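Notes for the one structure printed next.
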Amino acid sequence: MKLADVVTTYIESFDEPVRSRLEAVRALVHQLVPDVTEKIGYQMPAFVDQGRNLIYIGGFKDHLGVFPGVVDDQFAEYRTGKGTLQFKNNVPLPMDVIAQVVKAKHSALLKK
Numbered sequence: 001m002k003l004a005d006v007v008t009t010y011i012e013s014f015d016e017p018v019r020s021r022l023e024a025v026r027a028l029v030h031q032l033v034p035d036v037t038e039k040i041g042y043q044m045p046a047f048v049d050q051g052r053n054l055i056y057i058g059g060f061k062d063h064l065g066v067f068p069g070v071v072d073d074q075f076a077e078y079r080t081g082k083g084t085l086q087f088k089n090n091v092p093l094p095m096d097v098i099a100q101v102v103k104a105k106h107s108a109l110l111k112k
């Protein structure tokens, strides 16, 4: 089974609204970083750019987690721990914020 299929299986294991939220973030990551690949790490989807982890995403009962590893203070509203952002399932996903996180992490990886 291809790794992308494993990620699809992970996403499809959730009920709505978690499933569609995970799919939306997945599509956004692929739009912003077209060459990104997928794998499962820490039992959740990970997006890999040039062999390095870009972000992880995880579906949970009450929220969607985005794990970029490092979170700038500008995202403090969503930060719940070091390198962790949580977006409650009962409010619209701030796709612009998630896009900023992905772009910032991608830029940081390119500089390494």
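Numbering (the UniProt record's numbering) for the sequence shown: 1 to 112. Even for Gly, the Cβ is constructed at its ideal location relative to N, Cα and C. None of these values were measured; they are calculated from a predicted model.
* Runs of beta strand (DSSP E) lying entirely within the UniProt domain "YdhG-like" (19-104), each at least 3 residues, in chain order -> Complete beta strand (DSSP E) runs here, min 3: 37-41, 44-49, 52-59, 63-67, 79-81, 84-88.
* Asked: Cβ atoms of Gly-81 and Pro-68: under 8 Å apart, would you say?
  -> As a first step, residue 68 must be located in the sequence shown, where it is residue number 68. As a first step, residue 81 must be located in the sequence shown, where it is residue number 81. In this structure, Pro-68 lies away from Gly-81, with their beta-carbon atoms at least 8 Å apart.
* Cβ separation of Val-29 and Ile-11, assumed to be a contact under 8 Å, to the nearest whole Å -> Counting from one through the sequence shown, the residue named residue 29 turns up at place 29. Counting from one through the sequence shown, the residue named residue 11 turns up at place 11. Here Val-29 is actually not in contact with Ile-11; their C-beta atoms are around 13 Å apart, not less than 8 Å.
* Sufficient close CB pairs (3 or more, under 8 Å) joining the segment 17-28 to the segment 95-104 -> Taking one beta carbon from each stretch, the segment 17-28 and the segment 95-104 have 3 or more pairs nearer than 8 Å; the two touch.
* If you draw a straight line from the C-alpha of Thr-9 to the C-alpha of Lys-39, how long is it? -> Along the sequence shown, read from residue 1 onward, the residue named residue 9 stands at position 9. Along the sequence shown, read from residue 1 onward, the residue named residue 39 stands at position 39. One C-alpha to the other measures close to 12 Å.
* Asked: What's the C-alpha gap between His-63 and Tyr-42?
  -> What you label residue 63 is simply residue 63 of the sequence shown in a count that begins at 1. What you label residue 42 is simply residue 42 of the sequence shown in a count that begins at 1. Their Cα atoms are separated by approximately 17 Å.
* Kindly indicate which residue of Val-48, Met-44, Ala-76, Arg-19 has the alpha-carbon position closest to the one of Leu-32. => Within the sequence shown, residue 32 is the residue found at index 32, counting from 1. Cα-wise, what sits closest to Leu-32 is Val-48.
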